[in-house]
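Everything below concerns the one structure shown next.
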Amino acid sequence: MSNGNKPHATGRVQAGDVSQRVGVEAIEARGVNVGELIEKLIDAAGAEFTTYYYYTILRMYLAGHEDYKEICEDARLEDRAHFELITPRIYELGGTLPYDIRAFADRAGCPDAYLPGAQNGRRPMSNPFDVVTNVTAAQILEVLLEAERCAIRTWSEICDLTFGKDPRTYDMAARILNEEVEHEAWFIELLSHERDDVVRPSGHFRRGTPGEGPYSKNAGFYNP
Amino acid sequence: MAPKAGNDRLYQVVFDLPGGARTIEIGGDEFILDAARRAGIKLPSLCERGWCCTCAVKVLSGTIDQSASLRYYEEDRRAGFALICTGRPRSDLSLRPGAVEEMRAHRDTSHLPVPRGTRAPHITSLPEQPS
Chain A
1 MSNGNKPHAT
11 GRVQAGDVSQ
21 RVGVEAIEAR
31 GVNVGELIEK
41 LIDAAGAEFT
51 TYYYYTILRM
61 YLAGHEDYKE
71 ICEDARLEDR
81 AHFELITPRI
91 YELGGTLPYD
101 IRAFADRAGC
111 PDAYLPGAQN
121 GRRPMSNPFD
131 VVTNVTAAQI
141 LEVLLEAERC
151 AIRTWSEICD
161 LTFGKDPRTY
171 DMAARILNEE
181 VEHEAWFIEL
191 LSHERDDVVR
201 PSGHFRRGTP
211 GEGPYSKNAG
221 FYNP
Chain B
1001 MAPKAGNDRL
1011 YQVVFDLPGG
1021 ARTIEIGGDE
1031 FILDAARRAG
1041 IKLPSLCERG
1051 WCCTCAVKVL
1061 SGTIDQSASL
1071 RYYEEDRRAG
1081 FALICTGRPR
1091 SDLSLRPGAV
1101 EEMRAHRDTS
1111 HLPVPRGTRA
1121 PHITSLPEQP
1131 S
């Protein structure tokens, strides 16, 4: 069959050539700068990964607020799920994660979500029992909220870069964005209640299981 | 919410934009990006915590307090870069926005960390509001 009868059998990739990717060529032809997109995805993956780490600490320090802990845990596990979701796409596009985890963390597109009172991560740890004791739930919720806001800006930008050009990355970015928007709404509700004693409902209930990830794991939505 | 810096002075800040210069007054307690937005100047930003460098500007003249930034280095200041999302004026200023790629090159040269996916989108300024 000639190319004239198969209009999509065009482009630079020859049959049997494994050095190039039609999956990349197709989105480049639609205007995606793949190199820029890979850089953006690595920055975003770094942010999700570091956020997962820092949320592990923040969750521990929500001492006495078991409801907040559970919600922080949902956000923590869903951010890890986002990292897992982004990574295959980086490799599909021909990219790779940095070989050194320090380089990976350093280039994260969003700030480290440091525990308040830990001097932006520089608090000396003279021994393993050096626990921060004067941090409040409101301070932690502020860190969580701003981390989610950075994630929303990041994934909105990736949606903009890929909309109508790269449906696979767009679909992934939109799923992640959906969950980041929910996380922001949770932390607005909690911080508003905890710090300002003002009711600002998020509109959501807790996940069915911790870190359920209804969008990023294609799980069922809460819709009884 | 950003802590107040305890400086209620007003400073003249000139933005060198593609369509020409815009001058606005910014208080010493304000972040420069917030004030620019209120004045209708559209500038890029992402993390808004002084980390990602999307809001980077070249400082043509003047002094900025970057104490609220999560990741800003003395080398950045010496090289004439500022992060206006978390920068407060400490003198009259002249700034050229859209310097993220220049700042990344500087960080690379200085072996300092920086995200690699940020670009400077088209920077515009809304028309002056009628007085």
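If you read the sequences in order, they're chains A and B.
When the first sequence is numbered by this note's numbering, its final residue is 224 and no position is left out of the sequence of numbers.
When the second sequence is numbered by this note's numbering, its final residue is 1131 and no position is left out of the sequence of numbers.
Glycine included, every Cβ here is placed at the ideal spot set by N, Cα and C.
Contacts between A:ASN120 and chain B, judged by CB atoms closer than 7 Å, involve LEU1070 in chain order. Judged by DSSP in its simplified three-state form, B:LEU1093 adopts strand. Shown here for B:GLY1050: same chain residues with a beta carbon closer than 8 Å to its own, the five before and five after excluded, namely GLN1066, ALA1068, SER1069, LEU1070, ARG1071, TYR1072, LEU1083, CYS1085, THR1086 and GLY1087 in chain order.
In this chain, the beta strand (DSSP E) harbouring B:PHE1015 covers 1010 to 1017. In the assembly as shown, A:ASP197 is an exposed residue. Its beta-carbon has fewer than 16 other beta-carbons within 10 Å.
Listed along chain A is no residue with a C-beta nearer than 8 Å to that of B:ARG1037; the closest approach is about 14 Å. In the same chain as A:SER192, and ignoring 5 residues on each side of it, the C-beta atoms closer than 6 Å to its own belong to VAL198 and ARG200, in chain order. For A:ALA75, there are no neighbours in chain B by C-beta distance under 7 Å, as the nearest C-beta there is about 17 Å away.
The alpha-carbon separation between A:GLU157 and B:CYS1052 amounts to approximately 14 Å. Listed in chain order, the alpha helix (DSSP H) runs fully inside the stretch 50 to 92 of chain A are 66 to 92, counting runs of at least 4 residues. Each residue's CA atom was taken as its position, placing B:LEU1060 and A:GLY109 some 26 Å apart. Taking all protein chains in view, the Cβ of A:ARG107 is crowded by 16 or more other Cβ atoms within 10 Å, so the residue is classified as buried. Between B:ASP1029 and B:ASP1008, the gap from beta carbon to beta carbon is short of 8 Å. Of all alpha-carbon atoms in B:VAL1013, B:LEU1017 and B:ALA1079, the one lying nearest the alpha-carbon of B:SER1110 is that of B:ALA1079. Per the coordinates, the alpha-carbon of A:MET60 lies some 43 Å from the alpha-carbon of B:GLY1062.
Here A:ARG30 is exposed: its Cβ has fewer than 16 other Cβ atoms, across all protein chains shown, within 10 Å.
Under the three-state reduction of DSSP, B:GLU1030 is assigned to coil, being neither helix nor strand. For A:PHE205 and A:THR169, the gap between their C-alpha atoms comes out near 28 Å. For A:ALA138, the enclosing alpha helix (DSSP H) has its first and last residue at 137 to 162. Between B:GLY1027 and chain A, the shortest Cβ-Cβ separation is not below 8 Å. Rounded to whole angstroms, the gap between the alpha carbons of B:GLU1102 and B:VAL1114 is 12 Å.
At least one CB of chain A lies nearer than 8 Å to the CB of B:LEU1046.
A residue is called buried when at least 16 other Cβ atoms come within 10 angstroms of its Cβ; B:ASP1108 does not meet this threshold and is exposed. Assigned with DSSP and collapsed to three states, B:PHE1081 falls in strand. For the pair of segments examined, the stretch 134 to 151 of chain A was found not to touch the stretch 19 to 35 of chain A: the number of CB pairs separated by less than 8 Å stays below three.
Secondary structure of A:GLY46 (DSSP, three-state): helix. For A:ARG149, the closest C-alpha among the options A:ALA105, A:GLU92, A:PRO111 and A:PRO88 is that of A:PRO111.
The Cβ of A:PRO201 sits no closer than 8 Å to any Cβ of chain B. As DSSP reads the structure, A:VAL199 sits in no beta bridge. Chain order gives the chain A residues near B:ARG1116 as GLU39, ILE42, ASP43 and ARG107, where near means a beta carbon separation below 8 Å.
The C-alpha of A:TRP155 lies about 12 Å from the C-alpha of B:CYS1047. For B:VAL1057, the enclosing beta strand (DSSP E) covers residues 1056 to 1061. The beta-carbon distance between B:ALA1099 and B:ALA1056, rounded to whole angstroms, is 4 Å. This is short enough to meet the 8 Å contact definition.
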